[in-house]
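Chemist: Under this note's numbering, the first residue of the sequence shown carries the number -5, and numbering increases by one thereafter.
Every residue, glycine too, gets a C-beta built ideally from N, C-alpha and C.
First the structure, which I've put down as structure tokens, then a few questions once you've had a look.
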Amino acid sequence: MPSGPGYGARRTAGGSAAALGGIGFLVTAVACFAILDAATKIVALAVPALMALWVRYMLQAILSTAVLLPLHGRGLLRSSQPRLQLLRGLLLSICTTMAFFGLRLMPVGEFTAIVMVTPLAVSVLSVVLFKEKIAPLHWLLIAGGFIGTLFIVRPGSGYLGWAALLPLACMAGNSAYQLLTSHLGKSENPATTHLYSVWVGAMLSSLLLPISWAVVDSPWIWSLMLFIGIMGAAGHFLLVLAYQRASAAILMPYLYIHIGFAVLAGWLVFGHVPDHWAQIGMGLIALCGVGSAWMTARQSRPAMQAPAI
């Protein structure tokens, strides 16, 4: 993947055709992530979390290195901000672990919808930490997104207990992760950032593997764990291709298709259909998220640089 000035030039050279290609890669990527989440929910009920995470991260790290290193050479391994890269990898590992436990306790669609409030939370953090100013309408959209989560975890939903804290904590951690991603994206190759993230996860889970290893006799569960690693690697690689062809401003609204794919996966695999209140909450989160992304895109023109993946 190109980097530096040539990266942006290549991304925009194809005009609308390149943007459509980027959207296609993004939609395929979020479909991979929805499938991954459904498989994770099955595995989470059968094996220790840290063991499953080790399989996922190690396979994803090996596959990502095998694809990206020949394209970029050893220079891909060098970072000008290694401490921030390690911190970003740690945050991603924490979020992935919380997602694993959260998917064990909540349906795929509801969990995904709550986590998708992350871009709205990032907007709030940007005001608090960086004193950025956002329009009153943007504040209304942010409030609407958070109200959407209340429809999902409302009293009587069955998710009001500590289980609801997992996607909320995942959203908070993911917000910090996205802020670091944005900062690193200004100076780092996205492929370098991606490799740091997956190898930090692989190393951390390897350290904890001795206390979490269990004998798994089911070939089906082993196949699913390997499948999760492959889907994770494929999804992130497709994101790299997407941001190579279109700007973040163009792609951001399409991320919310993830909610639809997650609901579909939950129905196909587990036979679960969200109740009407949860559906309203999901729709509100998606609508406010897309609106917020559209406002951000208008304020950020000319086209934004692609974020690190």
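#1: Can you tell me whether Q75 is helix, strand or coil according to DSSP?
#2: Among I17, L20, L30 and G16, which residue has its Cα nearest to the Cα of V257?
#3: Please report the residue range of the alpha helix (DSSP H) in which A252 lies.
#4: Taking the alpha carbon of V192 as the reference point, which residue from L53, G15 and T22 has its own alpha carbon closest?
#5: Determine whether the beta carbon atoms of G223 and L249 lie at a separation below 9 Å.
#6: Under the three-state reduction of DSSP, which class applies to I56: helix, strand or coil?
#7: Nearest CA to the CA of G67: which residue from L189, H252 and L202?
#8: Nearest by alpha-carbon distance to K180: which of L44, A28, G16 and L78 is it?
#9: With contact counted as at least three CB pairs below 8 Å, one residue from each stretch, are the region 133 to 149 and the region 100 to 111 in contact?
#10: Only counting the same chain, and skipping five residues up and downstream in sequence, which positions put a Cβ closer than 8 Å to that of F94?
#11: Between which two residues does the alpha helix (DSSP H) containing I146 stretch?
#12: Three-state secondary structure (DSSP) at V111?
#13: Which residue comes first and which comes last in the alpha helix (DSSP H) that contains G69?
#14: For L63, which of L162, T187 and L20 has the nearest alpha-carbon?
#15: Rounded to the nearest angstrom, what separates A287 and I136 at their Cα positions?
#16: In three-state terms, what does DSSP make of E104?
#17: Quick one: give me the first and last residue of the alpha helix (DSSP H) that A170 is part of.
#18: Flag this pair as yes or no: are the beta carbons of L20 and L233 separated by less than 9 Å?
#19: Counting only the same chain and skipping the five closest in sequence on each side, list residues whose C-beta sits under 6 Å from that of G2.
#20: Rounded to the nearest angstrom, what separates F264 and G277 at their Cα positions?
#21: Using alpha carbons as the reference points, say which of I251, P101 and L218 lies closest to V41.
#22: Expressed to the nearest angstrom, what Euclidean distance is found between the alpha-carbon atoms of F145 and Q172?
#23: Under the rule that 16 or more other beta-carbon atoms within 10 Å means buried, what is R72, buried or exposed?
#24: M100 and L160: beta carbons closer than 9 Å?
Modeler: On the basis of the supplied data:
#1: In the structure shown, Q75 sits in coil (DSSP, three-state: anything other than H, G, I, E or B).
#2: When each option's Cα is compared against that of V257, the closest is L30.
#3: Checking the displayed sequence, the identity of residue 252 turns out to be His instead of Ala. I251 to F264 is the extent of the alpha helix (DSSP H) around H252.
#4: Looking at the Cα atoms, L53 is the closest of the given residues.
#5: No, these two residues do not count as a Cβ contact at 9 Å.
#6: If DSSP states are grouped into helix, strand and coil, I56 belongs with the helices.
#7: The residue with the shortest Cα to Cα distance from G67 is L189.
#8: A check of alpha carbon separations from K180 across L44, A28, G16 and L78 identifies L78 as the nearest.
#9: Using a Cβ-Cβ distance cut-off of 8 Å, the region 133 to 149 and the region 100 to 111 are in contact, since at least three pairs of beta carbons, one from each stretch, lie closer than that value.
#10: Result list for F94: T34, A38, A43, A46 and L47, in chain order.
#11: First-last of the alpha helix (DSSP H) with I146: P130 to I146.
#12: Shown here, V111 sits in coil according to DSSP, grouped into three states, outside any helix or strand.
#13: Premise fails: G69 is in no alpha helix (DSSP H) and is neither H nor E.
#14: Measuring from the Cα of L63, the nearest candidate turns out to be T187.
#15: Spanning the two alpha carbons is a distance of roughly 11 Å.
#16: In the three-state reduction of the DSSP assignment, E104 falls in the helix class.
#17: A170 -> alpha helix (DSSP H) spans L159 to L178.
#18: In this structure, L233 lies closer than 9 Å to L20 by Cβ.
#19: Per-residue confidence for G2 stands at a pLDDT of 36, beneath the threshold of 50, marking its modelled position as unreliable; the derived number appears in the next sentence. Excluding residues within five positions, none has a Cβ falling inside 6 Å.
#20: Going from the Cα of F264 to the Cα of G277 covers about 21 Å.
#21: Comparing alpha carbon positions, the residue from I251, P101 and L218 closest to V41 is L218.
#22: About 25 Å.
#23: By the 10 Å Cβ count, R72 comes out exposed.
#24: Yes. Within cutoff.
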